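Number of protein chains: 6
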Amino acid sequence: MSNDFQPVSGFDLPRFAGVPTFMRLPHVPLGAPGLRDVGIGLIGIPWDSGTTNRPGPRHGPRQLRDLSTMIRAEHAVTGHRPFEAANCADLGDVGPNPADILDTLERVSAFYSEVRAAGIRPLTAGGDHLCSLPVLRALAKDGPLGMVHFDSHTDLFHSYFGGTMYTHGTPFRRAVEEELLDPKRVVQIGIRGTAYDREDRDFAEAVGIRVIPIEEVFDRGVADVMAEARDIVGTAPTYVSYDIDFVDPAYAPGTGTPEVGGPNSYQALQVVRALSGLDIVGADMVEVSPPFDTSGGTAFLAVSIMFELLCVMTGG
Amino acid sequence: MSNDFQPVSGFDLPRFAGVPTFMRLPHVPLGAPGLRDVGIGLIGIPWDSGTTNRPGPRHGPRQLRDLSTMIRAEHAVTGHRPFEAANCADLGDVGPNPADILDTLERVSAFYSEVRAAGIRPLTAGGDHLCSLPVLRALAKDGPLGMVHFDSHTDLFHSYFGGTMYTHGTPFRRAVEEELLDPKRVVQIGIRGTAYDREDRDFAEAVGIRVIPIEEVFDRGVADVMAEARDIVGTAPTYVSYDIDFVDPAYAPGTGTPEVGGPNSYQALQVVRALSGLDIVGADMVEVSPPFDTSGGTAFLAVSIMFELLCVMTGG
Amino acid sequence: MSNDFQPVSGFDLPRFAGVPTFMRLPHVPLGAPGLRDVGIGLIGIPWDSGTTNRPGPRHGPRQLRDLSTMIRAEHAVTGHRPFEAANCADLGDVGPNPADILDTLERVSAFYSEVRAAGIRPLTAGGDHLCSLPVLRALAKDGPLGMVHFDSHTDLFHSYFGGTMYTHGTPFRRAVEEELLDPKRVVQIGIRGTAYDREDRDFAEAVGIRVIPIEEVFDRGVADVMAEARDIVGTAPTYVSYDIDFVDPAYAPGTGTPEVGGPNSYQALQVVRALSGLDIVGADMVEVSPPFDTSGGTAFLAVSIMFELLCVMTGG
Amino acid sequence: MSNDFQPVSGFDLPRFAGVPTFMRLPHVPLGAPGLRDVGIGLIGIPWDSGTTNRPGPRHGPRQLRDLSTMIRAEHAVTGHRPFEAANCADLGDVGPNPADILDTLERVSAFYSEVRAAGIRPLTAGGDHLCSLPVLRALAKDGPLGMVHFDSHTDLFHSYFGGTMYTHGTPFRRAVEEELLDPKRVVQIGIRGTAYDREDRDFAEAVGIRVIPIEEVFDRGVADVMAEARDIVGTAPTYVSYDIDFVDPAYAPGTGTPEVGGPNSYQALQVVRALSGLDIVGADMVEVSPPFDTSGGTAFLAVSIMFELLCVMTGG
Amino acid sequence: MSNDFQPVSGFDLPRFAGVPTFMRLPHVPLGAPGLRDVGIGLIGIPWDSGTTNRPGPRHGPRQLRDLSTMIRAEHAVTGHRPFEAANCADLGDVGPNPADILDTLERVSAFYSEVRAAGIRPLTAGGDHLCSLPVLRALAKDGPLGMVHFDSHTDLFHSYFGGTMYTHGTPFRRAVEEELLDPKRVVQIGIRGTAYDREDRDFAEAVGIRVIPIEEVFDRGVADVMAEARDIVGTAPTYVSYDIDFVDPAYAPGTGTPEVGGPNSYQALQVVRALSGLDIVGADMVEVSPPFDTSGGTAFLAVSIMFELLCVMTGG
Amino acid sequence: MSNDFQPVSGFDLPRFAGVPTFMRLPHVPLGAPGLRDVGIGLIGIPWDSGTTNRPGPRHGPRQLRDLSTMIRAEHAVTGHRPFEAANCADLGDVGPNPADILDTLERVSAFYSEVRAAGIRPLTAGGDHLCSLPVLRALAKDGPLGMVHFDSHTDLFHSYFGGTMYTHGTPFRRAVEEELLDPKRVVQIGIRGTAYDREDRDFAEAVGIRVIPIEEVFDRGVADVMAEARDIVGTAPTYVSYDIDFVDPAYAPGTGTPEVGGPNSYQALQVVRALSGLDIVGADMVEVSPPFDTSGGTAFLAVSIMFELLCVMTGG
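Protein chains in written order, with numbering that gives the first Met the number 0: chain A, 0 to 315; chain B, 0 to 315; chain C, 0 to 315; chain D, 0 to 315; chain E, 0 to 315; chain F, 0 to 315.
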């Protein structure tokens with residue numbers, strides 16, 4: 000661990016001061032000399048062109064950086080100090096092309112391929128859920144990954160609007176088709192809301208994805224559900240994808256396709272703590288949409304969850 | 000079931016597009032030829048002149064229509080598809096007179112009498128809680144109805160401001176007096192908040208209305224309380240009245256007289272699902288006040304509950 | 000003039016009541032029998048995929064419909080009554096594909112071709128400024144049009160992000176290249192804000208587009224500038240494109256790329272009144288972005304301007 | 000002048016501290032001994048039951064009190080110190096009956112009759128514009144008054160919704176009919192917005208009310224228009240009624256029926272200063288609607304105008 | 000009990016009317032004759048100069064007064080009527096010096112010494128948490144007090160920013176050092192959030208303060224934890240300090256240093272009810288920050304909790 | 000001019016992407032090697048402890064950085080490109096001590112002394128107006144400076160709250176006393192609003208400061224007033240201090256002590272352009288308070304003005 004990678008403390012510089020980087024970490028762009036010392040890279044993907052409903056997550060990384068300056072260095076329950084356990088840095092944002100989906104898919108994959116080549120595990124701040132697809136394309140080069148997926152939607156649809164294949168409702172359909180994910184090692188937790196039809200769930204069933212609806216989460220409890228989730232992904236390399244609309248909109252109104260009847264913020268943190276010990280090769284926090292919560296409350300919850308993700312990625 | 004009554008799908012037309020009707024259903028005004036095919040009519044009553052505190056629910060139907068375009072066709076848990084189970088349509092709004100309470104009571108009753116005469120069961124979007132009174136006047140022509148009432152207030156007071164009889168705090172006192180409701184078949188669930196005095200509860204006790212305070216809901220659990228509620232109303236014709244302030248204001252801030260310490264959004268849905276099998280002759284969702292939640296979050300919760308109501312009204 | 004096309008009066012039905020159509024006009028979709036009687040069609044294009052900065056105008060048509068219910072039937076200054084001067088109707092929205100720009104360009108052109116074929120002049124509610132391009136493709140079939148363009152930006156850039164040709168910063172570059180506009184009959188009024196470079200203005204100069212910066216508007220006055228504008232477009236067919244960011248953001252905060260130092264709301268109306276007598280074949284109001292002004296103030300200004308546009312399109 | 004009636008200074012107690020009364024003056028309810036020493040009474044009428052569109056002004060007095068703690072003791076331009084020129088006090092609110100219009104008209108008139116009997120001139124904070132009617136009923140007991148009326152609407156309509164006589168669109172029609180106002184000494188300034196029809200203006204013309212539309216204000220300038228206004232009302236007793244929607248909604252968004260294209264805040268103050276020297280028997284500031292501007296900006300403008308009114312009422 | 004100290008009822012005067020005092024009680028400033036009859040004084044401390052992060056609680060007392068007009072006279076569950084059990088009054092605000100911390104500490108202590116000398120028990124509305132220190136200095140003159148402290152932070156740090164001793168993160172460190180609190184009779188409930196380090200918890204452990212983290216609250220349940228809390232403080236004089244950030248930010252967003260994963264509003268009330276029977280010499284509600292919740296929802300929850308505090312302070 | 004100091008273009012990276020520095024310039028902290036090449040340093044002072052009323056400007060620098068990513072490279076009217084005329088960089092924030100005014104005054108002066116020693120001219124983003132005092136202490140080491148001061152307040156008061164000398168209402172009183180400013184070369188423009196008394200203006204008159212009230216600005220016009228301002232400061236070294244409350248609150252609501260009746264945004268820019276040719280040794284933009292305008296509109300106006308300041312500081 001290098002001292003260069005310690006976040007600025009709120010005891011020294013108040014939380015509202017300074018150029019805001021993720022969790023007040025040093026900004027180390029791709030190509031910078033310090034990159035080789037980074038173990039975990041926090042990366043923004045300010046892109047929401049796959050959004051079929053209310054856009055806004057392109058503004059996510061900036062608000063998440065802003066609110067992340069409220070995060071401190073130590074996990075209160077476990078005492079884990081992730082910034083001492085690994086060198087963490089803000090790698091900046093992938094530059095998107097908001098008017099060209101295919102171009103941006105390429106840009107993101109290229110960026111993450113470089114990150115992976117540098118031996119850095121990425122913790123991504125989206126962006127809408129389509130962002131996960133090009134990240135997986137870069138990370139799954141050695142074979143399909145397992146995935147723990149928190150969401151109120153499966154994002155497993157085939158296409159929208161008469162055949163459009165790349166939207167925030169289709170990334171994991173594509174990821175399974177492209178063999179980036181091993182469907183038998185994929186678990187989706189918190190699914191709810193009114194449904195179009197059963198096309199997504201039929202696909203899940205056909206390929207072996209385990210879908211855990213919210214009713215099951217509440218009936219069985221977080222601990223039991225998460226034990227099953229750990230069993231499903233096992234000890235092989237696993238990706239964690241966290242759509243903020245997993246959480247009830249009272250706690251996370253700043254998102255484009257909320258669904259009522261979800262978990263509270265305590266449960267939102269608990270489900271991540273339960274991932275401790277998994278082999279997490281990357282994680283993301285997506286669908287935070289600042290125009291729908293200018294107060295920053297949603298973003299603060301999201302960065303609190305990102306801190307939990309960082310803890311389980313660093314042995315906490 | 001006629002195909003004419005299917006809602007527009009978000010796969011075809013994005014949810015933010017199109018003239019917003021309730022749940023993207025066809026708009027069938029009174030007098031239109033299609034009316035005879037309608038089984039369930041969604042109706043707005045944009046009226047809040049009975050409000051003793053913070054007005055706003057007159058704007059409710061428009062915001063509820065707007066947010067209802069986020070609702071899809073299928074219940075995720077039960078698989079029930081209400082728009083296939085019955086012909087549903089948006090019958091438009093009752094035209095109120097915002098400066099004359101007695102005139103508006105007449106207008107609403109006249110509208111609903113016509114709806115009832117057409118054999119249509121109404122699902123109403125208020126409006127403040129005084130709206131329920133003229134609706135009951137139209138629906139209870141064959142005798143008093145039972146009622147399941149979700150609220151944080153009993154709305155059973157005798158009068159306000161030195162003798163004013165028609166406010167949103169008095170509708171069910173009037174309805175009992177006018178023999179529109181059978182008090183022995185009325186249950187009020189979720190009552191809480193600081194109290195003026197016990198005049199309303201004394202009345203409830205005297206006539207046999209069962210009041211279940213929120214403490215009892217939390218102590219006994221939703222399932223147990225709702226089993227009692229079903230017993231109380233039995234198999235005879237029953238009305239369901241849902242004041243959005245039943246739900247905790249963190250989930251439903253857009254209302255005029257919130258009371259803290261209420262149920263969450265999951266419980267807000269569960270209590271309706273538990274009504275499955277009752278003989279529901281009509282239902283309403285009242286007190287959504289858009290000026291107090293311009294984000295639309297309260298309205299989205301309200302239309303999600305309306306979808307649940309629609310499901311139990313159509314055999315779901 | 001048919002009585003069927005009169006808007007609902009606020010004396011009869013309060014402005015907050017009823018399913019909201021543009022200016023409370025009848026909803027006459029393409030294909031409906033009444034279409035042949037329509038002279039002017041108000042149309043929504045809920046699409047903002049061309050936005051390079053802050054998205055949101057896809058929500059414009061719905062908020063514009065909502066606020067348009069505040070508009071009454073008569074122009075207070077001229078006494079003109081546009082709904083009596085022509086049959087006006089709400090033709091609904093073009094169904095966009097938010098995840099495919101080329102597909103949506105086609106969809107919009109097809110819709111407007113049908114409108115034009117029916118002899119209807121369109122008054123469009125966007126959507127971002129890229130919407131104007133497919134509308135012009137449909138309207139300019141008999142030859143290039145003149146254009147009066149109110150905006151703080153020229154929207155004449157060649158491309159963005161390394162070659163992307165279709166964004167809300169490029170529509171009129173494309174329209175000139177495609178000979179939909181006659182650049183010598185194009186005037187752009189209100190241009191201001193910091194500049195990338197002079198590429199857009201060099202193009203304007205090269206092809207003969209007259210650019211009137213805001214300083215000139217304030218120095219010469221609205222009357223003088225608008226006299227010049229009328230001279231430029233002359234008596235031949237002319238399109239009017241009105242970007243709400245023409246107006247100062249204090250008056251119109253709900254837009255994605257505001258520029259300070261613009262006209263006030265009185266001037267915003269005056270410039271349209273000055274178009275009286277022109278041969279206007281169509282007009283649009285674009286870039287109203289509801290997520291950036293949930294109060295509806297921007298939309299209300301926009302519909303007030305649309306009413307002025309309607310007046311000058313109907314001989315007012 | 001008594002020292003008891005001096006407002007608390009922001010040099011002694013910060014503006015955000017203390018129980019908020021109008022302009023930090025002493026609270027002297029009707030019946031209190033200090034009442035006999037009061038020269039000008041600031042009074043709230045928290046009532047908006049006459050509102051035909053978006054309610055909210057019932058919350059006006061409280062927000063106006065809150066923001067009025069920002070007002071200091073001296074007029075910066077004239078050096079006039081109104082609180083030294085007359086004993087001013089907060090007389091509290093008239094208690095309305097929000098569910099009974101006729102009852103409330105009586106309550107307000109009774110309150111103001113008592114105020115007038117005590118020799119106190121009232122400066123009223125509404126409430127919607129119907130509030131002015133019962134105030135005039137109390138003040139015009141010795142004969143019809145003149146009136147300077149700032150507004151974007153004439154409020155001269157006969158009735159709404161099929162014959163309803165008491166709404167915020169009819170108070171001055173009633174006041175002329177009841178001979179509370181001398182129409183030949185009434186001037187209405189700033190009228191604008193789309194019009195239903197010409198019924199109100201025909202009435203004005205018939206009885207001799209001078210209506211000055213906003214175009215005339217801008218063309219002739221404030222000084223010229225106000226000179227005419229002073230001539231119209233002359234030296235006889237005059238009431239001043241100020242509807243905040245006189246001002247452009249960019250400056251005063253917190254109101255129920257805004258009309259774009261109005262004066263700015265500087266002009267909003269200037270028109271009042273021009274009333275210096277008139278015999279003002281009472282004044283009001285109405286239609287401030289806090290739910291539509293929770294920021295308090297509208298209320299702050301309104302209390303700044305109320306301070307100007309106080310200055311011209313006290314010889315400033 | 001004197002009738003002079005009864006709050007105004009909403010049946011007589013609507014809740015939005017009248018000069019807002021705490022819970023619509025009479026305003027009895029220090030020095031007023033009625034002071035000798037007061038048993039419990041509600042006092043505002045509009046001061047937030049100790050805030051290290053986002054300021055705003057200086058505006059707390061005014062918003063709390065505003066929302067407290069929604070509180071009624073009777074506890075719905077227990078039937079307790081606190082305003083009949085003791086004479087309660089609004090004593091007004093302590094006048095702070097926002098630009099001098101030491102001066103303000105003196106001002107607050109002096110005010111509360113006078114309150115204590117008059118035999119009045121204070122219920123304080125802050126202000127940030129530093130407010131509790133000068134209050135304790137006045138109340139603990141006969142020896143150290145016990146304290147039940149609801150918060151997400153311990154506020155036990157030694158200093159900030161290189162040695163600054165008086166901030167809202169240090170009040171209870173000072174209070175223990177100054178022997179205002181008996182650490183063995185102090186319990187802190189709800190502690191959570193990311194941590195700087197363990198300096199505060201080490202101090203707690205060293206002096207014997209019991210810290211109950213939120214995990215323990217959720218695992219053991221409110222009843223069990225509160226039983227322990229009652230045991231810790233025992234029957235000796237006890238202070239209750241309630242930081243609104245104890246509650247989850249979904250319920251109480253209007254605060255400067257929120258921490259996700261907290262209790263809901265029902266639990267927020269339950270923990271206070273469990274204090275029934277203790278010897279409470281004073282209580283406070285701090286850190287409500289109106290600029291971060293202009294809706295008033297946080298303040299309404301806070302005054303609902305203050306009503307519970309009032310009940311347990313008056314034998315309820 | 001070095002290419003290293005060019006801002007990122009919105010053609011390459013969308014404006015919402017990337018770690019936000021002032022105007023997308025490189026971040027060059029004190030002590031960094033690149034510092035020696037910097038000509039103009041943009042610096043944040045996130046500090047508002049001198050605020051006597053509504054706090055918030057401590058959050059200013061972060062929001063100003065965020066919105067400044069909307070600024071492009073070229074002045075549209077003059078064609079001036081400031082980032083090519085001088086090496087500009089973001090020097091980061093001064094670290095304040097929010098709980099100790101004297102300590103922070105030292106910290107700011109020390110930071111700016113270092114900046115001055117490096118030959119860098121500062122363009123400051125506050126913070127409240129007390130920030131200007133320690134900046135002047137660092138910049139005026141060779142003798143008193145002239146000052147052009149845009150504001151609605153003089154900030155010339157002696158003290159507040161019984162003798163407190165350092166608040167945002169006193170900085171220029173101190174600066175004159177400390178001979179940092181030459182009062183005969185100081186002009187204050189835009190002064191307005193209700194006044195406490197004449198203590199500040201008497202001081203101005205006594206020492207020879209020219210105060211231009213807003214009435215004079217509107218009567219004489221911007222050009223005439225600014226010609227006088229240029230004459231007053233002459234060709235000697237001059238500081239420019241711009242309080243955002245100079246502008247009317249409709250354009251700049253995000254500030255703590257607004258005064259209505261101010262200039263519009265066009266005039267807000269024009270007054271700065273008129274400073275072209277002066278010898279400007281430093282400038283600031285203060286009192287932007289994000290909690291009072293979360294939309295960012297005020298901050299966008301402020302950074303647009305900062306761009307104008309940058310232009311006149313670099314020969315534009």
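Where is the CB? At the ideal position from N, CA and C, for every residue including glycine.
These figures come from a predicted structure and were not determined experimentally.
- Entirely within the segment 21-76 of chain C and at least 4 residues each: give me those alpha helix (DSSP H) ranges in chain order. Scanning the segment 21-76 of chain C from its first residue to its last, the whole alpha helix (DSSP H) runs of 4-plus residues come out as 59-67.
- In this structure, does DSSP put H79 of chain A in helix, strand or coil? For the purposes of this step, residue 79 of chain A is taken as the residue at position 80 of the first sequence. Reduced to three states, the DSSP call for H79 of chain A is coil.
- Nearest chain E C-beta to S108 of chain D closer than 8 Å, yes or no? Indexing the fourth sequence from 1 puts residue 108 of chain D at position 109. S108 of chain D is outside the set of residues whose beta carbon lies under 8 Å from a beta carbon in chain E.
- Message: Could you check whether the Cβ of Y159 of chain D sits closer than 8 Å to any Cβ belonging to chain B?
- Response: Indexing the fourth sequence from 1 puts residue 159 of chain D at position 160. At a cut-off of 8 Å between beta-carbon atoms, Y159 of chain D makes contact with chain B.
- Query: Starting from P170 of chain E and walking both ways along the alpha helix (DSSP H), at which residues does that stretch end?
  - Reply: On the fifth sequence, residue 170 of chain E is found 171 positions in, with the first residue counted as 1. In this chain, the alpha helix (DSSP H) harbouring P170 of chain E covers 170-176.
- Query: Roughly how far, in whole angstroms, is the beta-carbon of L271 of chain A from the beta-carbon of E307 of chain A, given that I think they are within contact range, below 8 Å?
  - Reply: Stepping through the first sequence from its first residue, residue 271 of chain A is reached at position 272. Stepping through the first sequence from its first residue, residue 307 of chain A is reached at position 308. Before going on, a small fix: residue 271 of chain A reads as Val here, not Leu. That belief holds up - the Cβ atoms of V271 of chain A and E307 of chain A are roughly 4 Å apart, short of 8 Å.
- Is A137 of chain B near S264 of chain E, with beta carbons less than 8 Å apart? As a working mapping, residue 137 of chain B is identified with position 138 in the second sequence. As a working mapping, residue 264 of chain E is identified with position 265 in the fifth sequence. Cβ atoms of A137 of chain B and S264 of chain E: not closer than 8 Å.
- Message: Rounded to whole angstroms, what is the Cα-Cα separation between P262 of chain D and G189 of chain D?
- Response: The sequence position of residue 262 of chain D within the fourth sequence is 263, counting from 1. The sequence position of residue 189 of chain D within the fourth sequence is 190, counting from 1. A direct Cα-Cα distance of roughly 8 Å separates P262 of chain D from G189 of chain D.
- Message: I want to see whether chain E comes within less than 8 Å of M0 of chain B, judged by CB atoms only; does it?
- Response: As a working mapping, residue 0 of chain B is identified with position 1 in the second sequence. Only weak support is given to the placement of M0 of chain B: the predicted model assigns it a pLDDT of 43, under 50, and the value that follows is read from those uncertain coordinates. Closer than 8 Å to the CB of M0 of chain B there is not a single CB belonging to chain E.
- T123 of chain C - DSSP class collapsed to helix/strand/coil: Within the third sequence, residue 123 of chain C is the residue found at index 124, counting from 1. Three-state result, T123 of chain C: strand.
- State the beta-bridge partners of I237 of chain F as determined by DSSP. Stepping through the sixth sequence from its first residue, residue 237 of chain F is reached at position 238. For the sequence presented, residue 237 of chain F should be read as Thr rather than Ile. Its beta-bridge partners are F:G145, F:I279.
- Message: Quick check: P290 of chain B and H58 of chain B, are their CB atoms within less than 8 Å of each other?
- Response: In the second sequence, residue 290 of chain B corresponds to position 291, counting from 1. In the second sequence, residue 58 of chain B corresponds to position 59, counting from 1. Contact: yes.
- Identify, in the order they occur along the chain, each residue of the same chain with its Cβ nearer than 8 Å to the Cβ of P60 of chain A, setting aside the five sequence neighbours on each side. Here residue 60 of chain A is taken as the residue at index 61 of the first sequence, counted from 1. Sequence-distant partners of P60 of chain A (beyond 5 residues in either direction) whose C-beta falls short of 8 Å from its own C-beta, in its chain, are G43, I44, P45, D92, A124, G125, G126.
- Could you check where the beta strand (DSSP E) with G207 of chain E kicks off and where it finishes? The residue labelled residue 207 of chain E in the question sits at position 208 within the fifth sequence. Counting along the chain, G207 of chain E falls outside any beta strand (DSSP E), and DSSP gives it neither H nor E.
- For L41 of chain E, which residues from the same chain have a beta carbon less than 6 Å from its beta carbon, with the 5 sequence-adjacent residues on both sides left out? For the purposes of this step, residue 41 of chain E is identified with residue 42 of the fifth sequence, where counting begins at 1. Excluding five sequence positions before and after L41 of chain E, the CB atoms of its chain that fall closer than 6 Å to its own CB belong to F21, D89, L122, given in chain order.
- Task: Measuring alpha carbon to alpha carbon, tell me which of D:M69, D:F171, D:E215, D:M164 ends up nearest Y238 of chain D.
- Result: As a first step, residue 238 of chain D is located in the fourth sequence; it is residue number 239 there, counting from the start. That would be D:F171, whose Cα lies nearest to the Cα of Y238 of chain D.
- Message: Quick check on D230 of chain E: buried or exposed, where buried means 16 or more other Cβ atoms within 10 Å of its Cβ?
- Response: Looking up residue 230 of chain E in the fifth sequence gives position 231. D230 of chain E is classed as exposed because its beta carbon has fewer than 16 other beta carbons within 10 Å across all chains shown.
- Item | Identified DSSP bridge partners for Q187 of chain D | Position 188 of the fourth sequence holds residue 187 of chain D. Paired residue(s): D:H148, D:V210.
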